[in-house]
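So the protein sequences, as listed, match chains A and B.
Each residue of the first sequence is one higher than the one before, starting from 2 at the first, in the working numbering.
Each residue of the second sequence is one higher than the one before, starting from 5 at the first, in the working numbering.
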Amino acid sequence: MILTATHLSKIYGTTLNLTKALQNVSLNVGTGEFLGIMGPSGAGKSTLLNILSTLDQPTSGQVWIGDQDISQLRGQQLASFRRKELGFIFQDFNLLEALTVEENIILPLTFNKTPAQQVNAELSRVTTVLNLTQLLQRYPAELSVGQRQRVAAARALVVKPKILFADEPTGSLDSYSATELLQYLQLLNQSSQMAIVMVTHDAFTASFCKRILFIKDGQIFSEIVRKNSRQEFFDRIMDMQATIGGGGKTNALQSGS
Amino acid sequence: MLYNLAVKNFKRYRVIHGIQISIGALAVMIMFDFSLMGADAKLMQVIGNTILSRSFLFLFTLVVAGLLILFSTYWNRLLMRQRYQEIGQLALMGMPTLKILLAFAIEFLLSQIIALGIGLCLGLLFYKLLVMILLKVSYVNFAIGFYFNWRALLPVILLIPILQVILFLNNLITIKRLSLLRLLKPKRPNVPEILPLWQLQLLSLLVLGLLLGGAQGFVNLFSVDDFLAQQLNISLVAGLCLAILLLSIAWILGLMGLWRIVIPTVILCLRRFKKLYFIQQRIFTISEISRWSFRNVKSLTGITLLLGLAFTFLGMGALVSRYGLNTIDNYTPYSLLATANKQVEIDQILKRDKVVAQVQPIFQTKILPVNYNLDTVVGHNYRSNADPSMVMTQATYNRFARYRGLKTLKLKPNQAGIIMPVTSILKAASKKDIAAQKPVVQVGTYAQLKLQITSITN
Chain A
2 MILTATHLSK
12 IYGTTLNLTK
22 ALQNVSLNVG
32 TGEFLGIMGP
42 SGAGKSTLLN
52 ILSTLDQPTS
62 GQVWIGDQDI
72 SQLRGQQLAS
82 FRRKELGFIF
92 QDFNLLEALT
102 VEENIILPLT
112 FNKTPAQQVN
122 AELSRVTTVL
132 NLTQLLQRYP
142 AELSVGQRQR
152 VAAARALVVK
162 PKILFADEPT
172 GSLDSYSATE
182 LLQYLQLLNQ
192 SSQMAIVMVT
202 HDAFTASFCK
212 RILFIKDGQI
222 FSEIVRKNSR
232 QEFFDRIMDM
242 QATIGGGGKT
252 NALQSGS
Chain B
5 MLYNLAVKNF
15 KRYRVIHGIQ
25 ISIGALAVMI
35 MFDFSLMGAD
45 AKLMQVIGNT
55 ILSRSFLFLF
65 TLVVAGLLIL
75 FSTYWNRLLM
85 RQRYQEIGQL
95 ALMGMPTLKI
105 LLAFAIEFLL
115 SQIIALGIGL
125 CLGLLFYKLL
135 VMILLKVSYV
145 NFAIGFYFNW
155 RALLPVILLI
165 PILQVILFLN
175 NLITIKRLSL
185 LRLLKPKRPN
195 VPEILPLWQL
205 QLLSLLVLGL
215 LLGGAQGFVN
225 LFSVDDFLAQ
235 QLNISLVAGL
245 CLAILLLSIA
255 WILGLMGLWR
265 IVIPTVILCL
275 RRFKKLYFIQ
285 QRIFTISEIS
295 RWSFRNVKSL
305 TGITLLLGLA
315 FTFLGMGALV
325 SRYGLNTIDN
335 YTPYSLLATA
345 NKQVEIDQIL
355 KRDKVVAQVQ
365 PIFQTKILPV
375 NYNLDTVVGH
385 NYRSNADPSM
395 VMTQATYNRF
405 ARYRGLKTLK
415 LKPNQAGIIM
425 PVTSILKAAS
435 KKDIAAQKPV
445 VQVGTYAQLK
455 LQITSITN
């Protein structure tokens, strides 16, 4: 397992107004797995991702990435761990507008003090896979949203992270750009041992995953694993979404109608 | 890498840095000129005891430096808020906080160095002009040339590291206070609730009226304080304080309204003209200004408040020091205006009237200001705390007289005039007694603040 989380809880607010965002959540992510996290708004998807990705601390529980208990990491150690082991993609791309595409992509490597030759090799690797070779000297403002998200993905992948965390990566993209990005992610996931943990509310996006955890009211509600075609998996996701909302085949069968 | 990142960010945020550079350069120019004036020994010999003393110039320098620090801190905060996500992203990629702060510090240093350079050049260029204006309004004839002094440069240059340390600490506290999640959270535009356009236009007119009213009120401060004192049946001092308070409130509310109502309304009106609205252009166009000002309306209001307060207090200070003292009991100045060549004659008059005068050094001007204490005029039977430090030139007096609807002075080269304002201090005294002791001065009453002017001719 590349990631193990046990009994995670997250409580926000003060004594008088407590909000339980997560309650006793445990999960595992295998090496090279493509895990999706889905659920209705306010279910706790992003909170879970933030805790798993070291951006937030759980109120209780533990998260292990590889053989490292990340709750023990602080300051420079945590920054170094993030820099070397983890990759992030956000809905808002979070590119540095003042830097060119090339500078944005190699920035994490410069923090790692990677030798120039290796920087060039890594840059060439990710830009070829994500089809960004022609855009290296452009600024983010000159790119389409799809291209920007690919640059963000390239920046996350250039350090060869063990796990890539993606929070609604297709949220700002049109359907064509979203499909393109997801195909790239799927390709990278299959060609390397990198695990991907992706939060999404979109069934089509989730259908690219190998396994999906459904969260409701801060707890794991259900889990589905892809076995056959993506179309079949998509149908099951749709049904589970409807089930969480009170409808769907499962509820219909249980109620006998 | 840090330097490259800072330079690239500096270019990227050139508009915001440009505004900071402009204001910084202006402040540096003023600071440098005040500092030069204080260091100019010849100039201080002429104006040091009468118009602006060294300590006053030093105080002005400190005030300008303080305002620049306040403005830069606030502007830096605004810029940082714009860039929380960028800071969060750098931190997420593993850049140490200190390095992030250093990159920002280099960026601010660049704009401060440019502002310092421009400000110093402007200071040197405009020093002569500024001093000439000062001497002109003071009716002092003094040949002034270009002047430079290393000692004057020092406080201005010292300001940069002080400012850097303040901004660095401020940014450090800000970043340490915020979690990585908060930094990464996208900034949503703070769009105020939009009222119907006609209501906004009406409100804008009211705000502009308030600003105009405030400005006009400050110009006619004496009339306002008189009016308030009469209407509310309070003393003139209380009337003056109340007037300043009310006008300050009007001015500050007006400035707030300017950002929150008038400018958004103007932008909304301009938006109707599509030709002015180039949304895809990269230059700073209406659409960008619109989005930027809506997004930062609170910060801009804060800056306006700060500047508004600063200007209000500076203006009030100038007014109070120049004219206000005339209306405040216990601090009434007594001046005698005369041409320089009338000094002997004036001395004789003062001697005859048993007036002990403190004669100021002779100016190279038409006006010879002579101040004397009221105690010496009316004798020891009467109490007075009148401050004799105020110098009233003919021009100042005439300006004051016009506001008051009094007779103005037109002194010819061979004429002199005595101005004797009468205050409530004299109310207890018998007019006849005073008149007997001081025959050339008639006594009026404080409420009307009548000024008796006696012209002395050859």
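Beta carbons are placed, not taken as given, at the ideal position from N, Cα and C, and that holds for glycine.
Since we're looking at a predicted model, the values are computed, not measured.
Per DSSP, residue i is paired with what?
{"i": "residue 13/A", "result": "20/A"}
{"i": "residue 29/A", "result": "5/A"}
{"i": "residue 72/A", "result": "DSSP output for residue 72/A lists no bridge partner at all."}
{"i": "residue 88/A", "result": "165/A"}
{"i": "residue 36/A", "result": "198/A and 212/A"}
{"i": "residue 66/A", "result": "4/A and 69/A"}
Taking DSSP as the reference, what is the three-state secondary structure of residue i?
{"i": "residue 8/A", "result": "strand"}
{"i": "residue 148/B", "result": "coil"}
{"i": "residue 98/A", "result": "coil"}
{"i": "residue 168/A", "result": "strand"}
{"i": "residue 327/B", "result": "Only weak support is given to the placement of residue 327/B: the predicted model assigns it a pLDDT of 45, under 50, and the value that follows is read from those uncertain coordinates. Helix."}
{"i": "residue 219/A", "result": "coil"}
{"i": "residue 181/A", "result": "helix"}
{"i": "residue 61/A", "result": "strand"}
{"i": "residue 198/A", "result": "strand"}
{"i": "residue 226/A", "result": "strand"}
{"i": "residue 238/B", "result": "coil"}
{"i": "residue 109/B", "result": "helix"}
{"i": "residue 93/A", "result": "coil"}
{"i": "residue 13/B", "result": "helix"}
{"i": "residue 276/B", "result": "coil"}
{"i": "residue 137/A", "result": "coil"}
{"i": "residue 252/B", "result": "helix"}
{"i": "residue 97/B", "result": "coil"}
{"i": "residue 156/A", "result": "helix"}
{"i": "residue 115/A", "result": "coil"}
{"i": "residue 55/A", "result": "coil"}
{"i": "residue 26/B", "result": "helix"}
{"i": "residue 44/A", "result": "coil"}
{"i": "residue 237/A", "result": "helix"}
{"i": "residue 144/A", "result": "coil"}
{"i": "residue 7/B", "result": "helix"}
Below 8 Å on C-beta distance, what does residue i contact in chain B?
{"i": "residue 112/A", "result": "97, 98 and 99"}
{"i": "residue 77/A", "result": "100"}
{"i": "residue 51/A", "result": "185"}
Rounded to the nearest angstrom, how far is the Cβ of residue i from that of residue j, given a contact under 8 Å?
{"i": "residue 37/B", "j": "residue 130/B", "result": "7 Å"}
{"i": "residue 194/A", "j": "residue 88/A", "result": "That pair is no contact at about 13 Å."}
{"i": "residue 79/A", "j": "residue 4/A", "result": "That belief does not hold up - the Cβ atoms of residue 79/A and residue 4/A are roughly 16 Å apart, past 8 Å."}
Give the interface partners of residue i over in chain A, defined as CB-CB distance under 9 Å, in chain order.
{"i": "residue 190/B", "result": "91, 92, 93 and 95"}
{"i": "residue 86/B", "result": "Residues of chain A passing the Cβ test: none, with the nearest at roughly 11 Å."}
For residue i, return the contacting residues in chain B, with the cut-off set at a CB-CB distance below 7 Å.
{"i": "residue 98/A", "result": "16"}
{"i": "residue 108/A", "result": "97"}
{"i": "residue 81/A", "result": "98"}
{"i": "residue 84/A", "result": "97 and 98"}
Who are the neighbours of residue i on chain A, taking C-beta pairs under 7 Å?
{"i": "residue 12/B", "result": "99 and 100"}
{"i": "residue 184/B", "result": "56"}
{"i": "residue 93/B", "result": "95 and 97"}
{"i": "residue 5/B", "result": "111"}
Show which residues of chain A have a CB atom less than 8 Å away from the CB atom of residue i.
{"i": "residue 35/B", "result": "Residues of chain A passing the Cβ test: none, with the nearest at roughly 31 Å."}
{"i": "residue 89/B", "result": "93 and 95"}
Is the CB of residue i under 8 Å away from at least one CB in chain D?
{"i": "residue 234/A", "result": "Given the protein chain composition of this structure (A and B), no chain D is represented."}
Got a sec: which bits of the stretch 122-153 of chain A sit with their beta carbon under 8 Å from any beta carbon on chain B, in order along the chain? Residues passing the 8 Å Cβ filter: 142.
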